[in-house]
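Residues in the sequence shown are numbered consecutively from 1, following full-length UniProt numbering.
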Amino acid sequence: MKIRPFTIEIAQSEIDDLKKRISNWREPDQLQAIGWAQGTEYEELRLLMQHWRSGFDWRKQEAAWNIHPHYQTEIGGQTIHFIHARPAVATGRTVILTHGWPGSVFEFHRLIPLLTDPLSHGGRQEDAFNVVAPSIPGYGFSSRPTKPGLNLFTIADLWAELMSRLGYKRYLAQGGDLGAGVSTCLAHAHPDSLAGVHLNFIPGSFSPPHDPSPDGDLTLEERAFLERKAGWADLHGAYAHIQATRPQTLAYGLMDSPVGLAAWMIEKFRDWSDCDGDLGNAAFSRDDMLANISLYWFTRTVASSMRLYWETRARPLAFAPGTTINVPLAVALFPKELPMPPRSWVERVFKDIRRWTAMPRGGHFAALEQPALLAKDLRAFAGGLDF
């Protein structure tokens, strides 16, 4: 099938409409001295909306993104948008990067040049990668699925076809959030194509064979992890539960209100990043956040993006007894990440863990927060792989 170049170019009427909607937002009240305890804090959101309306420059973001080569192609009835960046000198190394929610391929805009041109960033030319970064169907400039069934497993099959179409027979898969799930499914279903898997998150739906009964086979570490995970879900997991059970109901509000969309997403950037509860301390800027949120707004994909939670609930990343993955695995553990399991939990499925690395800083949005650390760990892992 044909692969065609793609340029990001949002109509000016869309930008004008966004600013008008922000100007006309109906502001809620907030309890005094409550801060973020009940969700997104009013004053923080008000200032961000003021900047989105009057200071944020979408065209500047658009120009920066268009530096990377973008393409679209049709696979399995879906239009797949992807970035395909290559080094000046080929090395035979290739990586496919998969984003999650509430992220996008925008998360990789600082990571990509570190991978394709390491020589200009303190590395060696022989460490360069070909980089493929697709937008998950229902996200960004990929098409929105029109019927149920497009889940982590079927997305992995689309990625395998994309890589084959691009001429890559063997490659490394990297991902965080939902992208970690897609990368895991790639290793499970297409092991002969995978030189390795690099994850900066173990998905919440990852469930290896285990016996949870009191006399079962769980270690103390594993039991503590499951308790910690359940506690986190109780306090912070409402967003995931509604997106996995009633995404359509939520979609009406978020699709119609850019302020509502921003409020829904910036809470995650604050809570999941290494910023100690203050977005002013984040390694990414306000414009980084707004560029990502704007992408969801302009492409009208918040509804379709949330449905992947529904699909994952219907078909989670659960493995039957006896199921193993022998593709080499590396895990980068960023300190402000969501609850992560002990190594033994992952070893129940992955039988060749090469790296399990504690990072000095960073959170859930590793490629956006700490691209240099992520690139360094990827290079170190790739050095021992057979491409």
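No residue lacks a Cβ here, since even glycine has one placed at the ideal position from N, Cα and C.
Cβ-based neighbour list, methionine 1, same chain, cut-off 8 Å, excluding 5 preceding and 5 following
By 1-based counting over the sequence shown, the position of residue 1 is 1. Once the five neighbours on either side are set aside, the close Cβ partners of methionine 1 are Thr73, Glu74, Ile75, Arg165.
Determine the burial state of leucine 47: buried for a count of at least 16 other Cβ atoms within 10 Å of its Cβ, exposed for fewer.
The residue labelled residue 47 in the question sits at position 47 within the sequence shown. When all chains shown are included, leucine 47 counts as exposed.
Drop a sphere of 10 angstroms on the beta-carbon of histidine 121, count the other beta-carbons inside from all chains shown, and report buried for 16 or more, exposed for fewer.
Against the sequence shown, residue 121 aligns to sequence position 121. With fewer than 16 other Cβ atoms inside 10 Å of its own Cβ, histidine 121 counts as exposed.
If you run the structure through DSSP and keep just helix, strand and coil, what is asparagine 200?
Numbered from 1 along the sequence shown, position 200 holds the residue referred to as residue 200. Coil at asparagine 200, not helix or strand.
Excluding sequence positions up to five away, which residues of its chain have a Cβ less than 8 Å from the Cβ of glycine 39?
Within the sequence shown, residue 39 is the residue found at index 39, counting from 1. Cβ within range, chain order: Ala263, Glu267.
Let me know the secondary structure DSSP gives glycine 231 once reduced to three states.
Start at 1 with the first residue of the sequence shown, and residue 231 comes out as number 231. Reduced to three states, the DSSP call for glycine 231 is helix.
Which residues bound the alpha helix (DSSP H) around glutamine 72?
Along the sequence shown, read from residue 1 onward, the residue named residue 72 stands at position 72. For glutamine 72, no alpha helix (DSSP H) segment is defined; the enclosing uninterrupted segment is the beta strand (DSSP E) at 70-75.
Buried or exposed: arginine 270, going by 16 or more other Cβ atoms within 10 Å of its Cβ?
Working through the sequence shown from its first residue, we reach residue 270 at position 270. Within a 10 Å sphere around the beta-carbon of arginine 270 sit 16 or more other beta-carbons, which makes this residue buried.
My output table needs one value for glycine 384: the three-state DSSP class, helix, strand or coil.
Along the sequence shown, read from residue 1 onward, the residue named residue 384 stands at position 384. Correct three-state label for glycine 384: coil.
Alpha-carbon to alpha-carbon, alanine 187 and threonine 323
Counting from 1 along the sequence shown, the entry for residue 323 is found at position 323. Counting from 1 along the sequence shown, the entry for residue 187 is found at position 187. Each residue's Cα considered, the two are about 12 Å apart.
Please name the residue in Glu62, Glu41, Leu31 whose C-alpha comes closest to that of isoleucine 15.
The sequence position of residue 15 within the sequence shown is 15, counting from 1. Per the C-alpha coordinates, the member of Glu62, Glu41, Leu31 positioned closest to isoleucine 15 is Glu62.
Assuming aspartate 117 contacts proline 87 under a Cβ cut-off of 8 Å, what Cβ separation, rounded to an integer in Å, is found between them?
To locate residue 117, count along the sequence shown from 1; it is residue 117. To locate residue 87, count along the sequence shown from 1; it is residue 87. Yes, they are in contact, since the Cβ atoms of aspartate 117 and proline 87 sit about 6 Å apart, within 8 Å.
Completely contained alpha helix (DSSP H) runs for the UniProt domain "Epoxide hydrolase N-terminal" (3-108), where each covers 4 or more residues:
Runs found: 12-23, 42-54, 58-65.
Looking only at its chain, what residues have a beta carbon closer than 6 Å to the beta carbon of tryptophan 25, apart from the 5 residues adjacent to it on each side?
Within the sequence shown, numbered from 1, the residue matching residue 25 stands at position 25. The beta carbon of tryptophan 25 sits closer than 6 Å to the beta carbons of Val259 from its chain, once the five residues preceding and following it are set aside; these are given in chain order.
Does any C-beta atom of chain D lie closer than 8 Å to the C-beta of glycine 237?
Chain labels in this structure do not include chain D; a single protein chain is all it has.
What separation, rounded to the nearest whole angstrom, lies between the Cα atoms of leucine 194 and cysteine 185?
To locate residue 194, count along the sequence shown from 1; it is residue 194. To locate residue 185, count along the sequence shown from 1; it is residue 185. A direct Cα-Cα distance of roughly 11 Å separates leucine 194 from cysteine 185.
Nearest-angstrom Cα separation, counted from histidine 241 out to lysine 229
Residue numbering aside, residue 229 sits at position 229 when the sequence shown is read from its first letter. Residue numbering aside, residue 241 sits at position 241 when the sequence shown is read from its first letter. The C-alpha of lysine 229 lies about 14 Å from the C-alpha of histidine 241.
So if DSSP puts alanine 133 in a beta bridge, which residue, or which two residues, is it bridged to?
To locate residue 133, count along the sequence shown from 1; it is residue 133. Answer by DSSP bridge pairing, in chain order: Ile83.
Within this structure, are the beta carbons of proline 247 and methionine 306 separated by less than 8 Å?
Taking the first residue of the sequence shown as position 1, residue 247 is located at position 247. Taking the first residue of the sequence shown as position 1, residue 306 is located at position 306. Yes, the Cβ-Cβ distance between proline 247 and methionine 306 is below 8 Å.
Answer yes or no: do phenylalanine 108 and leucine 97 have a C-beta to C-beta separation smaller than 8 Å?
For the purposes of this step, residue 108 is identified with residue 108 of the sequence shown, where counting begins at 1. For the purposes of this step, residue 97 is identified with residue 97 of the sequence shown, where counting begins at 1. In this structure, phenylalanine 108 places its C-beta atom within 8 Å of the C-beta atom of leucine 97.
Beta-carbon contacts of leucine 150 that lie in its chain and below 6 Å, excluding the five residues immediately before and after:
As a position in the sequence shown, residue 150 is number 150, starting the count at 1. Result list for leucine 150: Pro137, in chain order.
Taking all protein chains shown into account, decide if lysine 376 is buried (16 or more other Cβ within 10 angstroms of its Cβ) or exposed.
The residue you call residue 376 lines up with position 376 of the sequence shown. Per the 10 Å Cβ criterion, buried.
Which listed residue (Gly362, Ile34, Asp127) has its alpha carbon closest to that of asparagine 281:
Locating residue 281 in the sequence shown gives position 281, counting from the first residue. Check the Cα spacing between asparagine 281 and each of Gly362, Ile34, Asp127: the tightest is with Gly362.
Where are the alpha helix (DSSP H) runs, 4 residues long or more, that stay fully inside the segment 106-172, in chain order?
Runs found: 111-116, 152-165.
Element boundaries [beta strand (DSSP E), containing arginine 361]:
Locating residue 361 in the sequence shown gives position 361, where the first residue counts as 1. Careful: arginine 361 lies outside any beta strand (DSSP E) and carries neither H nor E.
Are the CB atoms of tryptophan 101 and aspartate 177 nearer to each other than 8 Å?
Taking the first residue of the sequence shown as 1, we reach residue 101 at position 101. Taking the first residue of the sequence shown as 1, we reach residue 177 at position 177. In contact: tryptophan 101 and aspartate 177 (Cβ atoms closer than 8 Å).
Does valine 89 pass the burial test, meaning 16 or more other C-beta atoms within 10 Å, or should it be called exposed?
By 1-based counting over the sequence shown, the position of residue 89 is 89. The residue is exposed, with fewer than 16 neighbouring Cβ atoms inside 10 Å.
Beta-carbon contacts of proline 208 that lie in its chain and below 6 Å, excluding the five residues immediately before and after
Here residue 208 refers to the residue found at position 208 when the sequence shown is read from its first residue. Cβ neighbours of proline 208 beyond the five flanking positions: Phe319, Arg348, Val349.
Using three-state DSSP, classify phenylalanine 269 as helix, strand or coil.
Looking up residue 269 in the sequence shown gives position 269. In this structure, DSSP gives phenylalanine 269 a helical state, which the three-state scheme calls helix.
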